[in-house]
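Following: one structure in structure tokens, then a few remarks.
Residue numbers (the numbering used here): 5 to 423.
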């Protein structure tokens, strides 16, 4: 059955024809692509067309689609039972991999999504500090839980955010402070205004949901110092960057250790997963050892653990050298092509994740800068890539990714983009 017929059926039974809004392609004004299968760096749509994939499961695929070792691990686990309901050794093994990779993590708790891991981290921070407020940054995405689905404040004094979605009462976000990314002075000002009330400073150390934005020199270090001085926890949401930019995530790259770390995506090898980890004195507040509740039927699911283990154990220093080289070459080719669709396009890249902005040569260092990117230029750029057989995220504000398997197709991609 062709894509158009599948889309017609989807609209009859799925809200908007999708299960996540960005998949509707509305921000680029195109018909959604319906995918049928994937292998290596390629995805294939319902009509059999092949694309070089720059979505990569929204960053959850790092080796390549249907990589042999990962498939073998999944098949073996399914044969042995993919749902056990009690603790199994695979959970222990994957937790050991996390604690070996992240120096700041002594204990972990697996969850089912990035959203859930961040919810749990915030609950832990509030219990540990006995404070209520959480400071976040404009444009950083921490899942769709009510108190964190916020946008910039209307009040420059209180800096309290406003709901990003209908159905979230103002009082639910009354303890969420929102400041610009890369602006440590705004952080200091917010903490002075709410002295002794902030439980956590929460951020993506490398934001990926306003497009890729890099932390400026010293920014993360200053947040660490501010958090220590103010008695609040520093929480890194590394759902995207964990195991992606380095095996130990952005905290390894920038040498700044948070109190709590949230993981997902790559850790599950493309299957649903979340993880919160950190110092044992904080983590031991979780039930059954402490009073902070978290539970989940599918937490630590053996199929996910097996696929996650096969993925993480395949990552080495050589992996990240390949990803850096591929990311650089693909990013440069995209930037060259983008110059034909708008004046002064800008490439933000860290390793294998990147975004092209159309900001007339202006650096993009926060969400307000990202929002200034020309939407029409991005749409034309996206359409040109799609026609060339390159599928990138259908939104200016989503990061693009490459995998190890993309090393096979860099020359093809450079040729198709005129690189």
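Using N, Cα and C, we set each Cβ at its ideal position, and we do this for glycine too.
What number of angstroms, rounded off, separates the C-alpha of residue i from the C-alpha of residue j?
{"i": "residue 227", "j": "residue 129", "result": "16 angstroms"}
{"i": "residue 375", "j": "residue 145", "result": "15 angstroms"}
{"i": "residue 302", "j": "residue 421", "result": "43 angstroms"}
{"i": "residue 79", "j": "residue 88", "result": "16 angstroms"}
{"i": "residue 395", "j": "residue 60", "result": "10 angstroms"}
{"i": "residue 260", "j": "residue 406", "result": "25 angstroms"}
{"i": "residue 65", "j": "residue 351", "result": "22 angstroms"}
{"i": "residue 125", "j": "residue 171", "result": "23 angstroms"}
{"i": "residue 50", "j": "residue 71", "result": "21 angstroms"}
{"i": "residue 201", "j": "residue 177", "result": "15 angstroms"}
{"i": "residue 41", "j": "residue 69", "result": "9 angstroms"}
{"i": "residue 137", "j": "residue 175", "result": "12 angstroms"}
{"i": "residue 379", "j": "residue 398", "result": "11 angstroms"}
{"i": "residue 346", "j": "residue 411", "result": "28 angstroms"}
{"i": "residue 369", "j": "residue 58", "result": "23 angstroms"}
{"i": "residue 164", "j": "residue 279", "result": "28 angstroms"}
{"i": "residue 75", "j": "residue 52", "result": "22 angstroms"}
{"i": "residue 182", "j": "residue 166", "result": "9 angstroms"}
{"i": "residue 11", "j": "residue 327", "result": "34 angstroms"}
So what's residue i in DSSP terms, helix, strand or just coil?
{"i": "residue 398", "result": "coil"}
{"i": "residue 124", "result": "helix"}
{"i": "residue 137", "result": "strand"}
{"i": "residue 364", "result": "coil"}
{"i": "residue 69", "result": "strand"}
{"i": "residue 167", "result": "strand"}
{"i": "residue 76", "result": "helix"}
{"i": "residue 338", "result": "helix"}
{"i": "residue 180", "result": "strand"}
{"i": "residue 329", "result": "helix"}
{"i": "residue 174", "result": "helix"}
{"i": "residue 303", "result": "coil"}
{"i": "residue 222", "result": "coil"}
{"i": "residue 6", "result": "coil"}
{"i": "residue 212", "result": "coil"}
{"i": "residue 146", "result": "coil"}
{"i": "residue 59", "result": "coil"}
{"i": "residue 233", "result": "helix"}
{"i": "residue 377", "result": "coil"}
{"i": "residue 411", "result": "helix"}
{"i": "residue 87", "result": "coil"}
Please name the residue, chosen from the options, that lies closest to residue i on a Cα-to-Cα basis.
{"i": "residue 223", "options": "186, 244, 82, 378", "result": "186"}
{"i": "residue 427", "options": "134, 180, 367", "result": "Outside the modelled stretch of the chain, which goes from 5 to 423, sits residue 427, for which no answer is possible."}
{"i": "residue 417", "options": "393, 291, 87, 218", "result": "393"}
{"i": "residue 141", "options": "156, 356, 385, 409", "result": "156"}
{"i": "residue 208", "options": "282, 122, 43, 163", "result": "122"}
{"i": "residue 312", "options": "124, 67, 295", "result": "67"}
{"i": "residue 93", "options": "55, 70, 305", "result": "305"}
{"i": "residue 55", "options": "232, 296, 38", "result": "38"}
{"i": "residue 102", "options": "267, 335, 385", "result": "267"}
{"i": "residue 307", "options": "15, 22, 82, 69", "result": "82"}
{"i": "residue 271", "options": "295, 291, 246, 250", "result": "246"}
{"i": "residue 33", "options": "108, 46, 390, 412", "result": "390"}
{"i": "residue 235", "options": "133, 184, 45, 361", "result": "133"}
{"i": "residue 269", "options": "333, 147, 193", "result": "147"}
{"i": "residue 364", "options": "353, 401, 13, 381", "result": "381"}
{"i": "residue 404", "options": "43, 63, 182", "result": "63"}
{"i": "residue 400", "options": "120, 16, 53, 31", "result": "31"}
{"i": "residue 282", "options": "315, 314, 239", "result": "239"}
{"i": "residue 220", "options": "184, 193, 85, 199", "result": "184"}
{"i": "residue 193", "options": "340, 166, 230, 216", "result": "230"}
{"i": "residue 284", "options": "109, 299, 85, 203", "result": "109"}
{"i": "residue 195", "options": "237, 9, 25", "result": "237"}
{"i": "residue 241", "options": "251, 212, 225", "result": "212"}
{"i": "residue 291", "options": "158, 409, 131", "result": "131"}
So who's on the other strand from residue i, going by DSSP bridges?
{"i": "residue 404", "result": "358"}
{"i": "residue 115", "result": "278"}
{"i": "residue 1", "result": "Coverage of the chain is limited to positions 5 through 423, which leaves residue 1 absent and any answer about it impossible."}
{"i": "residue 48", "result": "41, 54"}
{"i": "residue 349", "result": "362"}
{"i": "residue 155", "result": "166"}
{"i": "residue 246", "result": "250"}
{"i": "residue 207", "result": "240"}
{"i": "residue 202", "result": "137"}
{"i": "residue 290", "result": "296"}
Since I believe residue j is in contact with residue i (beta carbons under 8 angstroms), could you give me their beta-carbon distance rounded to a whole number of angstroms?
{"i": "residue 324", "j": "residue 274", "result": "About 19 angstroms separates the two Cβ atoms, so there is no contact after all."}
{"i": "residue 318", "j": "residue 97", "result": "Residue 318 to residue 97, Cβ: 14 angstroms. No contact."}
{"i": "residue 358", "j": "residue 377", "result": "The pair is not a contact, with the Cβ atoms about 14 angstroms apart (cut-off 8 angstroms)."}
{"i": "residue 106", "j": "residue 255", "result": "7 angstroms"}
{"i": "residue 205", "j": "residue 191", "result": "7 angstroms"}
{"i": "residue 243", "j": "residue 118", "result": "4 angstroms"}
{"i": "residue 333", "j": "residue 414", "result": "5 angstroms"}
{"i": "residue 15", "j": "residue 6", "result": "Not quite, the Cβ-Cβ distance comes to about 15 angstroms (not below 8 angstroms), so this is no contact."}
{"i": "residue 23", "j": "residue 300", "result": "Not really, about 20 angstroms apart at Cβ, beyond 8 angstroms."}
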